[in-house]
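Colleague: Just so we're aligned: 40 in UniProt numbering is position 40 of the sequence shown, and the numbers increase by one with no gaps anywhere. Supplied in structure tokens, the structure appears directly below.
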Amino acid sequence: MKIEAIFKTIFFALALGAFMFSCEQENSNQTASEAEVVKVETDTDVSYNQGEAEREYNDFSAWVNNSSSRAENATEAEWKEMKQEYKDKEAELETKSASWDDKTRQEWKDLKDSWKQTEEKAEARLKKNR
């Protein structure tokens, strides 16, 4: 009787060990699959964010080019409105520019320099007309 109890205990321990081992492998495989899903989702988010950042930059660049040509003949009130709109848009994009690639950051710097030249010309023209 005592031997039978020992065999039952050993069998139960082996069965429990086998069960734990199979659960552990399943959990490991599941974790690897979940990690792959997260990686794909992250890659998708990154490419979406890069595309969105590029679109925002391109929209702003077009706005700057359009506003630069309008600034040549803008009244003082129109110019103040353009300057404020530029400051708002620049501040919004400046926070996002840290995540841009080097090429886009350089284009961003060039665009800001271009606007600075536009500001100087417009301010000089308006000062002259006062």
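Where a beta carbon is used, it is the ideal one built from N, C-alpha and C, also for glycine. All figures in this text were calculated on a predicted structure; none of them were measured in a lab.
Return the CA-CA distance between K80 and F60, expressed in angstroms with no decimal places.
Modeller: 18 Å
Colleague: Please tell me whether W100 and A53 are closer than 7 Å, where the distance is taken between their beta carbons.
Modeller: yes
Colleague: Does W100 come out as helix, strand or coil in the three-state DSSP assignment?
Modeller: coil
Colleague: Quick check: what's the CA-CA separation for S69 versus A124?
Modeller: 15 Å
Colleague: Could you check the C-alpha separation between W108 and M20 for me, to the nearest Å?
Modeller: So the two alpha carbons sit approximately 57 Å from each other.
Colleague: Distance, Cα to Cα, N73 vs E92?
Modeller: 27 Å
Colleague: Quick check on T95: buried or exposed, where buried means 16 or more other Cβ atoms within 10 Å of its Cβ?
Modeller: For T95, the number of other beta carbons within 10 angstroms of its own is below 16, and it is reported as exposed.
Colleague: Out of R55, T9, A122, which has the shortest C-alpha to C-alpha gap to A77?
Modeller: A122
Colleague: Mapping DSSP to helix, strand and coil, what is residue 150?
Modeller: Any question about residue 150 goes unanswered here, given that the chain covers just 1 to 130.
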